[in-house]
Structure formats: C-alpha cells, structure tokens
Amino acid sequence: MDTILIITILVVIFALGFDFINGFHDTANAIATSVSTRALPPRVAVMLAAIMNFVGAITFVGVAKAIAKDIVDPFSLNATADDTTGSVVILAALISAITWNLLTWYFGIPSSSSHTLIGSIAGAAIAAAGFNILNYSGFSSILIGLVASPFIAFAVGYIFMSVFKVVFKNLNLYRTNKGFRTLQIFTAAIQSFTHGTNDAQKAMGIITMALIAAGLQTTDEVQEWVRIACALAMGLGTSVGGYKIIKTVGGKIMKIRPVNGAAADLASASVIFGATIIHLPVSTTHVISSAIMGVGSAQRVKGVKWGVARKIVVTWLITMPISAIMAAIIYFILNIFF
73 MDTILIITIL VVIFALGFDF INGFHDTANA IATSVSTRAL PPRVAVMLAA IMNFVGAITF
133 VGVAKAIAKD IVDPFSLNAT ADDTTGSVVI LAALISAITW NLLTWYFGIP SSSSHTLIGS
193 IAGAAIAAAG FNILNYSGFS SILIGLVASP FIAFAVGYIF MSVFKVVFKN LNLYRTNKGF
253 RTLQIFTAAI QSFTHGTNDA QKAMGIITMA LIAAGLQTTD EVQEWVRIAC ALAMGLGTSV
313 GGYKIIKTVG GKIMKIRPVN GAAADLASAS VIFGATIIHL PVSTTHVISS AIMGVGSAQR
373 VKGVKWGVAR KIVVTWLITM PISAIMAAII YFILNIFF
C-alpha cells in the first residue's frame, strides 16, 4: 500500500481518537455546573451532553475550515508520490495533542484541547519547514480569539450574575434554587450543543488538512463522511465522561449554586457560539472556567478560590509551547520511519 495512503489512514484514526478523547476530556466543561448543583445526576448529564455534542458537531463546519487552512496552508504541504512531509506533520501533531490531553485528564487538570492541537500543528510544521510555513494572518487571528475569549467570558459571566442578583433579589431562596435547577437542564443542553459546534470541528479540520496534504482532495470543503465520523467520535467520547475534571471545574473554583450554574452556562454558551458563528476556534475549557470565575466575582470576589484558578491559568499558558515542542520531537522521530 502507498506510504502516503497509510499515513493518511493513521491520521484519520488518530483524529477520531483525538475527538473521542476530547469528548470525555471536555465533557466536564459542559456539565460540571449542572452536576455540582445536583440539577442533573452525573449519568443523565453525560448522556445529555453526548447527544447535544453530536447534534452540534454535525451542524457547522466553519471552524473546521479555519483549522484546515488558517494555521498552515495545507496546499503548501501537498505531497507528491515520494513526499510524505505534510502527512507526517499532521500525524505528529495529533500524537502530541492526544498525549497532552491524556496526561491532563489523568491528573484532573482542565487544560485546553484547542491550545494543544493548535500548538502541536504549529510545532510539527515548523520542525518540517521552518517558521515561514505558518499562515501568520490566520494563525494570529486564532491566537487573538484564544486569548480574548476567556476575558470576554469572564465579563459576560460577571454581567449575567449581576443581572440575576438584581432581578431575583426579592424571591424566596428555595423557590429560586428549584427554578434554576430546572433551568440548568436546558442550559446544560445548550452548553453541550455549543461545545459540539466548536470543539468537534477541530478534528474535522485536521482530517480535511490531511486529505489535502495527501493530494486526495483539492478544496477545503469538509466531506460528509468526515462530519459524521467526527460527530460520532465526539458523542461517544462524551458518553464516557470525565469525572475527574468535573470535580475541578464544578467545585474547586467556587461553591456553585443553581443560580451561579445557570449564569455560567448561559455566559459561556453565548461566547462559544459567537465564536463558532465567526469561524474562530476557542478553548471551551478556558471559556467555561472563566465564565465561572466571572460569576463568582459578581457574587463575592473572596468566594472564588483563586489559588485553583491560578493553577488552571498556568496550565493554559504552558499548554501551547509544550505541545509545540512535543510535536516537533515526534515529527523528527516519525520522519525516521516514513
């Protein structure tokens, strides 16, 4: 069998594996608040997230196209009969991203799947062809989105919680909590849907990039089988759940009550969906954690456990450079065999 075809098949397998891992790694982000407030039992919340992740994943493709062409121009990696560079770059990036996701999942750290994937693509591509291979205009837009979205989510979370405090200040606490627990069933569904619209797109973009690099397609259109396969992988991964990360996101940042959970869900879902509409990949982990911090700050600044938040932020900062270095090393190792 042709070497490029073998590598492309491996890329598809690893990309679906990344989507599966992304599903259980980031499930916690979508349902942590609803589980921590007991609005939903963990098993029910996970299944709801799996279904809505699948629906979200098959609905949009804009983010997939951005991943496929805005970090590195896949046509510049286009392989000839004896050139496997582009395919090896993508395979190395996937192995690096999967490794980092598994490590952070094992230790219960809500790191960013988006940061690790984007950092890995850049690192492997630079190792193969130098810094000029990067599409700087597209890459800078993605970086701006990744950096700005947590701050926007913090602000939106703060605003939502501030409004809720004014609107519901004279209502009976028990009735308010009961009403918001019911609302959280819907906000968890919305949260999971938006997660699918953005995060599942990344694996679609990777597979599309691999098909272009292997000369198997000539446009950046996402093929139907790619959309369905990635949506299924994300949904199945979500159904496995990520209970270690649920514990961190749902309880260690702040004590979450139903009103806080609903405000955080609505804030983060609006930011993620807004990014999807303008075709920007964002870190759902960053957005959701930042929205929770914003909600906590509006409630009571001292109520936010800033020490835990600081550790999460440090992980955010180191993910991209570590992933880039890992991907570069993996590229050089794979290059020995291919």
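Numbering (the numbering used here) for the sequence shown: 73 to 410.
We treat Cβ as the ideally placed atom computed from N, Cα and C, and that holds for glycine.
Keep in mind it's a predicted model, so treat the numbers as computed, not measured.
Residue state for VAL312 is assigned as helix, using DSSP reduced to three classes. DSSP places VAL228 in the helix class (H, G or I) of the three-state scheme. Scanning its chain for C-beta atoms nearer than 8 Å, with the 5 sequence neighbours on each side dropped, one finds around LEU206 the residues ILE143, VAL144, ALA194, ALA197, ILE198, in chain order.
Taking the Cβ atoms as the reference, GLN263 lies roughly 5 Å from ALA341, within the contact range of under 8 Å. Rounded to the nearest whole angstrom, the C-alpha separation of ALA363 and PHE409 is 45 Å. By the criterion of a C-beta distance shorter than 6 Å, GLY307 is surrounded in its chain by ALA122, ASN125, PHE126, once the five residues flanking it on both sides are discounted. SER369 and TYR178 do not touch by the CB rule: their CB atoms are close to 30 Å apart, not below 8 Å. Per the DSSP secondary-structure output, VAL294 pairs with nothing in a beta bridge.
In the DSSP annotation of this structure, the continuous segment of the alpha helix (DSSP H) that includes LYS137 starts and ends at 134-141.
Among the bridge pairs identified by DSSP, VAL144 is matched with LEU206. For GLN371, the enclosing alpha helix (DSSP H) stretches over residues 356-371. Note on VAL219: under 16 other CB atoms within 10 angstroms of its CB, so exposed under the neighbour-count rule. Comparing C-alpha distances from THR75 to each of THR266, SER159, SER185, GLN256 shows the shortest one belongs to SER159. Taking a cut-off of 8 Å for Cβ pairs, the region 330-348 and the region 250-265 touch, as three or more such pairs fall below it.
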